[in-house]
Amino acid sequence: MNLSNIITGIDISKNKLDIHIHPLGHHKVFENNVQAIDQMLDFLRLHNVTKVGLEATGGYEKLCAYTLLSHGFEVYVIQPRWVRDYAKSLGIATKTDKIDCSIISRYVSNTDMRVTPLKVSSIDCLKQKLSRRNQLVEIAKIQKTQAHQVTDLSIIKQMEELLAVLQNQIQVLEDEVMELVDKNQKLKKKYMSITSIPGVGAITAITFICYLPELGTLQHKEISSLSGVAPFNRDSGFSKGKRCIQGGRSQIRKVLHMCILSAQRYNSYIKIFFDRLYNQYKKPYKVTSTAAMRKLLILANSLVRDGRLFTEEYSPKTASI
1 MNLSNIITGI
11 DISKNKLDIH
21 IHPLGHHKVF
31 ENNVQAIDQM
41 LDFLRLHNVT
51 KVGLEATGGY
61 EKLCAYTLLS
71 HGFEVYVIQP
81 RWVRDYAKSL
91 GIATKTDKID
101 CSIISRYVSN
111 TDMRVTPLKV
121 SSIDCLKQKL
131 SRRNQLVEIA
141 KIQKTQAHQV
151 TDLSIIKQME
161 ELLAVLQNQI
171 QVLEDEVMEL
181 VDKNQKLKKK
191 YMSITSIPGV
201 GAITAITFIC
211 YLPELGTLQH
221 KEISSLSGVA
231 PFNRDSGFSK
241 GKRCIQGGRS
251 QIRKVLHMCI
261 LSAQRYNSYI
271 KIFFDRLYNQ
281 YKKPYKVTST
291 AAMRKLLILA
301 NSLVRDGRLF
311 TEEYSPKTAS
321 I
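Just so you know, the UniProt record's numbering puts 291 at position 291 of the sequence shown, and the rest follows in order with no gaps.
If you want it as structure tokens, here you go:
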């Protein structure tokens, strides 16, 4: 038997994994957690499996898929509708977890169209680490707030110990994020361009890299609209409505807002622009802040596009292109 043709199909749910090895016909069920997936890896290696197909199930497949990838398996994530259509073409109307994993394995084995291997990119890893880091930061904030309301010394001690653990884990994740950036020259170059802007820190730059990969490739109006900081007209006939922002990527808007607070102190390019709108033209604070966010984003877009670093000579006039 050609070992390259031994394929596993996995039907994934929140709590369990049904696997079928084609064409051997073996079926086995594992829990959907780290320990059980490790056992599944041993089972797959025992039967010389090299390719694995699984359905996209709203995120439940991620742990299994990325674990398989990291251990050298060729992984295919398939749309559920494609699997059902394939089952119907075989005359199979019954739907169970055991049947589904068998259909998935046969789909990967016999279908050439629309089946492409999943690959782990540096961005995927960065996103996961950044997301976890942000979760821990929020948990730490909650603990600090609650600590001010507690008088029991034993509870205060527990909270302090938990905060120390959280801070340590946050630092570990931030170090791992920077290690990933340092290993990728393309990401490193983009990171250096973004962080060269006064008032823009490491986490903001990583957020841009993860959630705005188009930075440096789009026109300024397009990148502003994509980020949700571009004002849209609300006009009809002779009526002129207020221009307002809408939609866009909330992660980017959030870090841009925090950046503006810092940039007003440390970035003369943004400070001059902000003060002119707010003090000279008497624009409302929110309008001024949004305009400054857009200005900062356009600056980052220009620097990344040109592969350059921010300098004091990079004046507002030369930047507004």
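Idealized CB from N, CA, C, for every residue including glycine.
{"Check": "Among Leu299, Ser102, Phe43, nearest to His22 - alpha-carbon criterion", "Outcome": "Ser102"}
{"Check": "Three-state secondary structure assigned by DSSP to Ile104", "Outcome": "helix"}
{"Check": "Outcome for Gln35 when other beta-carbon atoms lying within 10 angstroms are tallied against a minimum of 16", "Outcome": "exposed"}
{"Check": "Given Phe310 as reference, the closest of Val181, Val108, Ile223, Pro198 once Cα atoms are compared", "Outcome": "Pro198"}
{"Check": "Arg276, buried or exposed, once every other Cβ within 10 Å from all chains shown has been counted against 16", "Outcome": "exposed"}
{"Check": "Coil, strand or helix - Tyr76 by DSSP", "Outcome": "strand"}
{"Check": "Whole-number beta carbon distance between Leu126 and Leu180, since they are thought to touch under 8 Å", "Outcome": "6 Å"}
{"Check": "Touching by the beta-carbon criterion (3+ pairs, under 8 Å), the stretch 3-14 and the stretch 41-51", "Outcome": "yes"}
{"Check": "DSSP state of Leu299 mapped onto helix, strand, coil", "Outcome": "helix"}
{"Check": "Whole-Å CB distance - Ser216 paired with Asn110, under 8 Å assumed", "Outcome": "For clarity, residue 216 is Gly in the given sequence; the question names Ser instead. With a Cβ gap of about 42 Å, Gly216 and Asn110 do not count as contacting."}
{"Check": "Cut-off 6 Å between Cβ atoms - residues of its own chain near Glu176, not counting five sequence neighbours on either side", "Outcome": "Lys129"}
{"Check": "Inter-residue spacing [alpha-carbon to alpha-carbon] between Leu303 and Tyr191", "Outcome": "10 Å"}
{"Check": "Integer-rounded CB distance, given that Leu63 should sit under 8 Å from Ile104", "Outcome": "Between Leu63 and Ile104 the Cβ distance is about 17 Å, and since that is not below 8 Å, they are no contact."}
{"Check": "Close Cβ partners of Tyr60 (< 8 Å) along its chain, the five nearest in sequence each way excluded", "Outcome": "Ile12, Ser13, Lys14, Asn32"}
{"Check": "Nearest to Glu313 (by Cα), restricted to the options Gln251, Ser289, Met293, Ser268", "Outcome": "Ser268"}
{"Check": "CB-CB length for Leu187 against Ile203, believed under 8 Å", "Outcome": "With 8 Å as the limit, Leu187 and Ile203 do not qualify as a contact, their Cβ atoms being about 15 Å apart."}
{"Check": "Assigned secondary structure, Thr145 (DSSP; H/G/I helix, E/B strand, else coil)", "Outcome": "helix"}
{"Check": "Residue span of the beta strand (DSSP E) that contains Asp18, given as start and end", "Outcome": "16-22"}
{"Check": "Minimum C-alpha distance to residue 322 - residue among Thr195, Pro284, Tyr281", "Outcome": "The structure shown does not extend to residue 322, since the chain is modelled only from 1 to 321, so the question has no answer here."}
{"Check": "Coil, strand or helix - Phe310 by DSSP", "Outcome": "coil"}
{"Check": "Residues near Thr288 in its chain [Cβ-Cβ closer than 8 Å; skip 5 each side]", "Outcome": "Phe274, Leu277, Tyr278"}
{"Check": "CA-to-CA distance, Tyr66 to residue 373, given in whole angstroms", "Outcome": "Outside the shown range of the chain, which is 1 to 321, sits residue 373, and nothing can be said about it."}
{"Check": "Val165 versus Val172 - alpha carbon distance", "Outcome": "11 Å"}
{"Check": "Uninterrupted beta strand (DSSP E) stretches inside the stretch 148-178 (no shorter than 3 residues)", "Outcome": "none"}
{"Check": "Residue range of the alpha helix (DSSP H) that includes Ile37", "Outcome": "34-46"}
{"Check": "Classification of Tyr107 by the beta-carbon crowding that lies within 10 angstroms, buried from 16 upward", "Outcome": "buried"}
{"Check": "Anticipated Cβ contact below 8 Å, His27 with Lys98, distance rounded", "Outcome": "6 Å"}
{"Check": "Residue range of the alpha helix (DSSP H) that includes His71", "Outcome": "Looking at the DSSP string, His71 is not in any alpha helix (DSSP H), and its letter there is neither H nor E."}
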